[in-house]
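S.K.:
Chains as they are written, first to last, in the numbering used here: chain A, 1 to 430; chain B, 431 to 860.
1. Does DSSP put residue 382 of chain B in a helix, a strand or coil?
2. With 8 Å set as the bound, which would you pick, yes or no: does the beta-carbon of residue 393 of chain A sit closer than that to a beta-carbon of chain B?
3. Would you call the segment 492-503 of chain B and the segment 523-543 of chain B in contact, with 3 or more CB pairs under 8 Å?
4. Counting only beta-carbon separations shorter than 8 Å, does residue 805 of chain B have a partner in chain A?
5. Could you tell me which of B/766, B/823, B/573, B/774 sits nearest to residue 790 of chain B, measuring between CA atoms?
6. Output needed for residue 643 of chain B: all residues of its chain with C-beta closer than 6 Å, excluding positions within five of it in sequence on either side, in chain order.
7. Return the residues of the segment 363-390 of chain A that lie within a Cβ-Cβ distance of less than 9 Å from chain B, sorted by chain order.
8. So, under 8 Å CB-CB, residue 105 of chain A and residue 143 of chain A are touching, yes? Tell me the CB distance rounded to an integer number of Å.
9. Since residue 39 of chain A contacts residue 63 of chain A with CB under 8 Å, what's their CB separation in whole angstroms?
10. If you draw a straight line from the C-alpha of residue 610 of chain B to the C-alpha of residue 656 of chain B, how long is it?
11. Less than 8 Å between CB atoms is the rule here; does residue 165 of chain A satisfy it with respect to chain B?
12. So for residue 657 of chain B, helix, strand or coil by DSSP?
13. Grab me the residues of residue 558 of chain B's own chain with a C-beta within less than 6 Å of its C-beta, minus the 5 sequence neighbours each way, in chain order.
14. Can you tell me where the alpha helix (DSSP H) with residue 45 of chain A in it begins and where it stops?
15. Start and end of the alpha helix (DSSP H) containing residue 286 of chain A?
16. Does the beta carbon of residue 285 of chain A sit closer than 8 Å to a beta carbon anywhere in chain B?
17. What residues of chain B sit near residue 193 of chain A, judged by a beta carbon separation below 9 Å?
18. List in chain order: all unbroken alpha helix (DSSP H) runs of 4+ residues lying wholly within the segment 155-210 of chain A.
19. Look up residue 100 of chain A in the DSSP assignment and say whether it is helix, strand or coil.
20. Does the CB of residue 860 of chain B have a neighbour CB from chain A at under 8 Å?
21. Tell me the DSSP secondary structure of residue 785 of chain B in three-state form.
22. So residue 57 of chain A is in the beta strand (DSSP E); what residue range does that whole segment cover?
23. Does any residue of chain A bring its CB to less than 8 Å from the CB of residue 834 of chain B?
24. Does residue 321 of chain A come out as helix, strand or coil in the three-state DSSP assignment?
25. Since I believe residue 384 of chain A is in contact with residue 485 of chain B (beta carbons under 8 Å), could you give me their beta-carbon distance rounded to a whole number of angstroms?
26. Whose C-beta lies closer than 6 Å to the C-beta of residue 66 of chain A among residues of the same chain, with five residues either side of it excluded?
27. Listing by chain order, which chain A residues have their CB less than 7 Å from the CB of residue 678 of chain B?
28. Can you tell me where the beta strand (DSSP E) with residue 761 of chain B in it begins and where it stops?
29. Identify, in the order they occur along the chain, each residue of the same chain with its Cβ nearer than 6 Å to the Cβ of residue 726 of chain B, setting aside the five sequence neighbours on each side.
30. Can you list the residues of chain B that residue 254 of chain A reaches, using a CB-CB cut of under 9 Å?
31. With DSSP collapsed to three states, give me the class of residue 652 of chain B.
32. In the DSSP output, what is residue 394 of chain A paired with across the bridge?
33. Would a check of beta-carbon distances place residue 18 of chain A closer than 8 Å to chain B?
34. Of all the CB atoms in chain A, is at least one closer than 8 Å to the CB of residue 779 of chain B?
35. Quick one: is residue 764 of chain B buried, meaning 16 or more other Cβ sit within 10 Å of its Cβ, or exposed?
36. Can you tell which of A/30, A/210, A/332, A/358 has the C-alpha that lies nearest to the C-alpha of residue 108 of chain A?
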């Protein structure tokens with residue numbers, strides 16, 4: 001391993017003490033559960049031994065021997081008997097969040113299956129993923145830290161997580177890719193040349209790429225990168241990856257490979273927390289106005305809430321643009337938990353639009369439509385376009401950014417309430 | 431004829447005195463020419479008896495018995511012998527402008543042909559057009575004034591003239607259409623329902639519209655209206671008509687048909703001369719900035735000059751838009767003669783753009799391009815789009831309208847000099 005990267009390991013690998021403490025708590029909680037539940041498996045990055053320093057989110061799989069629609073209820077029953085506070089979260093199978101001694105446990109009921117093909121729910125596959133990664137790490141123990149580098153890098157550049165508001169690489173995707181290329185650095189060297197529709201088949205299940213294209217379900221081929229699941233050939237491990245995340249990963253991969261020669265890679269492993277001040281400075285530098293939204297997304301879990309915040313961002317950008325404003329740039333800070341607000345920073349101009357605006361109409365020869373348009377705007381200047389359409393220069397209803405926000409919040413209440421639970425805003429301009 | 435229209439006739443039909451005076455001068459000038467030239471025919475609206483009150487532009491066809499490349503020179507020779515000042519204008523055949531006793535004569539050399547099919551130059555057809563219209567007016571004398579109404583209406587709404595900067599209806603097109611529908615009002619009643627690709631074949635040369643489409647040369651079918659020339663079936667009299675002029679005619683036709691019921695049609699026969707004050711009031715009302723260009727187009731005749739002014743308008747709109755400004759509306763006043771300036775009024779906003787702008791780049795996976803883009807803008811914020819393209823938020827070079835005009839005039843000198851002979855501008859903003 002590059003000496004430069006060895007330095008980084010201190011930032012991403014948990015210390016002996018951290019590790020021991022984590023396992024003490026995990027095992028303690030696990031054995032409590034085992035009093036009331038058949039089989040409790042440690043999954044996720046703790047189960048695979050690839051968790052990042054400081055991580056405190058532990059997946060526990062509660063495995064039942066046969067499928068039963070009530071397995072979620074059984075887990076809930078156990079938690080009640082133990083007198084432990086929990087949140088039940090709706091999903092394809094309901095699961096549970098438990099806060100225990102500064103760790104966030106996610107209790108996921110699953111069903112024991114003899115082979116991956118029998119999975120009825122994607123979570124049933126998880127033990128196979130854990131086994132695969134553990135087996136590979138037992139063969140090559142250095143892989144654990146290589147995987148940690150990959151995850152930390154992905155996290156910093158904002159593409160770590162299969163949640164739909166991130167649309168990035170899942171932990172398992174990081175693991176499979178690092179294992180496939182045998183090291184973090186080799187993954188990066190390869191990925192810097194990736195192009196969309198790259199296909200990676202680590203276990204060589206398929207003869208060639210054409211066979212992958214022919215045999216995989218079409219919806220599993222939609223992502224720009226297709227990584228065949230080493231434990232389940234029909235599955236694409238990176239189906240969650242958006243074109244944006246894919247491109248972002250490639251872009252920062254190249255930056256990293258430049259910077260590693262300059263011994264300047266620490267920044268790729270520190271998640272920067274931008275302060276309010278940063279955004280204020282930015283809007284002043286850009287010379288625009290700034291709208292700050294503080295928002296709690298609608299939904300009962302963080303993924304849904306943040307996805308809704310993203311939808312609100314798209315919505316508000318579209319509305320402001322339609323009203324004649326230009327959104328030069330934006331920044332978004334997602335909710336960190338269910339109750340803290342996310343933030344959207346929109347850099348918009350101008351603060352004030354002219355008194356009049358151009359309204360496009362139908363072609364003159366669609367008589368009913370064009371006469372209707374004419375009658376509506378007959379008091380104003382109406383002209384004919386080079387394509388024969390009418391257009392009118394009419395008084396603008398919404399002139400200032402403040403009026404625009406008022407207009408959107410008053411007239412499109414339903415669209416907003418559909419996306420956010422709570423919202424407030426400030427408009428800052430000079 | 432509608433009584434309302436009878437009132438209008440006073441505005442468009444020359445008085446007895448005007449008519450007598452015009453013919454005295456025309457005949458006087460004609461007989462001078464006849465001393466040196468074989469055959470002089472009065473063409474245009476004077477030749478057909480359809481000229482508008484106040485008209486002073488007379489077409490004279492100098493007809494030669496056989497084709498000869500030097501027929502233009504022969505006309506020039508005669509003018510020299512007569513000691514008359516003239517301007518020679520280059521064209522498919524050079525022609526001459528002569529100012530004589532407040533009339534503008536255009537002397538066009540043509541060749542005598544036995545039938546329209548033998549025309550080598552479009553002007554050779556003109557005597558056939560004159561004959562056709564005269565014959566129709568002899569049959570139905572009321573048509574002369576109906577034609578005058580059509581021409582005056584077209585002129586007011588800005589679609590009278592086959593010149594490329596107008597791209598409207600030629601005098602002959604007005605005549606043919608009015609004759610075909612038998613009156614101005616019937617033309618309007620019909621045209622209010624026109625749709626693009628309407629085909630009118632007054633002499634029924636073709637069995638049906640399909641035959642027209644099959645037999646006419648493709649470039650003669652490009653205009654939204656096809657009127658088969660009553661003297662030459664292969665020709666479309668309205669080939670010059672743009673979609674915009676076509677739509678404009680239909681639109682104002684409908685307005686006229688509404689207003690005639692309200693006895694409020696005078697305005698359709700008065701060409702409004704908008705003053706500078708009008709445009710100043712307009713820009714204030716719109717709440718934009720105003721750029722006024724005074725411009726003399728490049729070229730040796732009015733059509734070319736005004737066409738170039740129109741090209742300059744398109745050019746400057748495109749450039750301002752590319753720089754981030756929005757052209758809400760414009761007005762244009764064409765050159766009335768070779769030396770007086772035309773004017774362009776652009777209603778533009780904002781006066782000042784933000785310090786930074788968005789620059790789109792190539793997709794990340796086109797490595798050479800995207801790395802070049804990255805290196806160029808590495809000092810600024812670079813992000814990845816949802817389609818995998820890079821974009822950068824970079825300092826704007828051109829922020830104010832004044833800077834924009836300077837930038838365009840300095841950097842695109844050739845494009846401007848190609849279009850204008852002389853130009854000056856003012857930027858007006860509050």
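For glycine and all other residues, C-beta sits at the position ideal for the given N, C-alpha and C.
M.R.: With the structure as the only source:
1. Here chain B covers residues 431 to 860 and nothing more, so residue 382 of chain B does not appear.
2. Here residue 393 of chain A corresponds to residue number 393 of the first chain, with the count starting at 1. Yes, because at least one Cβ of chain B sits closer than 8 Å to the Cβ of residue 393 of chain A.
3. yes
4. Locating residue 805 of chain B in the second chain gives position 375, counting from the first residue. Chain A, which has no Cβ nearer than 8 Å to the Cβ of residue 805 of chain B, makes this no.
5. By 1-based counting over the second chain, the position of residue 790 of chain B is 360. If we check each option's Cα against that of residue 790 of chain B, B/823 comes out closest.
6. The residue labelled residue 643 of chain B in the question sits at position 213 within the second chain. For residue 643 of chain B, where only same-chain residues beyond five positions count, there are no Cβ hits under 6 Å.
7. 363, 364, 365, 366, 367, 370, 371, 374, 381, 382, 383, 384, 385, 386, 387, 388, 389, 390
8. Locating residue 105 of chain A in the first chain gives position 105, counting from the first residue. Locating residue 143 of chain A in the first chain gives position 143, counting from the first residue. The pair is not a contact, with the Cβ atoms about 26 Å apart (cut-off 8 Å).
9. Taking the first residue of the first chain as 1, we reach residue 39 of chain A at position 39. Taking the first residue of the first chain as 1, we reach residue 63 of chain A at position 63. That belief holds up - the Cβ atoms of residue 39 of chain A and residue 63 of chain A are roughly 4 Å apart, short of 8 Å.
10. On the second chain, position 180 is the one that residue 610 of chain B refers to. On the second chain, position 226 is the one that residue 656 of chain B refers to. Cα to Cα, residue 610 of chain B sits roughly 13 Å from residue 656 of chain B.
11. In the first chain, counting from the first residue as 1, residue 165 of chain A sits at position 165. Output row for residue 165 of chain A: interface = no.
12. One-based indexing of the second chain puts residue 657 of chain B at position 227. It is a strand residue.
13. As a position in the second chain, residue 558 of chain B is number 128, starting the count at 1. Here the set comprises 546, 661.
14. Position 45 of the first chain, counting from 1, holds the residue named residue 45 of chain A. Counting along the chain, the unbroken alpha helix (DSSP H) around residue 45 of chain A starts and ends at 44-48.
15. Here residue 286 of chain A refers to the residue found at position 286 when the first chain is read from its first residue. First-last of the alpha helix (DSSP H) with residue 286 of chain A: 276-286.
16. Here the question's residue 285 of chain A lines up with position 285 in the first chain. At least one chain B Cβ lies under 8 Å of residue 285 of chain A.
17. Indexing the first chain from 1 puts residue 193 of chain A at position 193. Within chain B, the residues near residue 193 of chain A are 795, 797.
18. 171-181, 184-191
19. Taking the first residue of the first chain as position 1, residue 100 of chain A is located at position 100. Strand at residue 100 of chain A.
20. Counting from one through the second chain, the residue named residue 860 of chain B turns up at place 430. False, the Cβ-Cβ gap to chain A never drops below 8 Å.
21. Position 355 of the second chain, counted from the start, is the residue given in the question as residue 785 of chain B. Coil.
22. Looking up residue 57 of chain A in the first chain gives position 57. Its beta strand (DSSP E) spans residues 57-64.
23. Start at 1 with the first residue of the second chain, and residue 834 of chain B comes out as number 404. For residue 834 of chain B, not one C-beta of chain A is nearer than 8 Å to its own C-beta.
24. Here the question's residue 321 of chain A lines up with position 321 in the first chain. It is helical.
25. Here residue 485 of chain B corresponds to residue number 55 of the second chain, with the count starting at 1. Here residue 384 of chain A corresponds to residue number 384 of the first chain, with the count starting at 1. In fact, because the Cβ distance is near 27 Å, the residues do not count as touching under 8 Å.
26. On the first chain, position 66 is the one that residue 66 of chain A refers to. So the list is empty, once near-sequence residues are dropped.
27. Within the second chain, residue 678 of chain B is the residue found at index 248, counting from 1. Those within 7 Å of residue 678 of chain B in chain A are 384.
28. Here residue 761 of chain B corresponds to residue number 331 of the second chain, with the count starting at 1. That run of the beta strand (DSSP E) goes 756-763.
29. Locating residue 726 of chain B in the second chain gives position 296, where the first residue counts as 1. Cβ within range, chain order: 771, 851, 852.
30. Reading the first chain from its first residue, position 254 is the one you call residue 254 of chain A. In chain order: 794, 797, 800, 801, 804.
31. Translated into the one-based positions of the second chain, residue 652 of chain B becomes position 222. Note: residue 652 of chain B maps to coil in three-state DSSP.
32. Along the first chain, read from residue 1 onward, the residue named residue 394 of chain A stands at position 394. In the DSSP output, where bridge partners are listed per residue, residue 394 of chain A has A/357.
33. What you label residue 18 of chain A is simply residue 18 of the first chain in a count that begins at 1. Cβ-Cβ to chain B under 8 Å: no for residue 18 of chain A.
34. Sequence index remark: in the second chain, residue 779 of chain B carries index 349 (1-based). Closer than 8 Å to some Cβ of chain A, the Cβ of residue 779 of chain B qualifies, so yes.
35. On the second chain, residue 764 of chain B is found 334 positions in, with the first residue counted as 1. That one is buried.
36. Counting from one through the first chain, the residue named residue 108 of chain A turns up at place 108. Selected option, being the one with the closest Cα: A/30.
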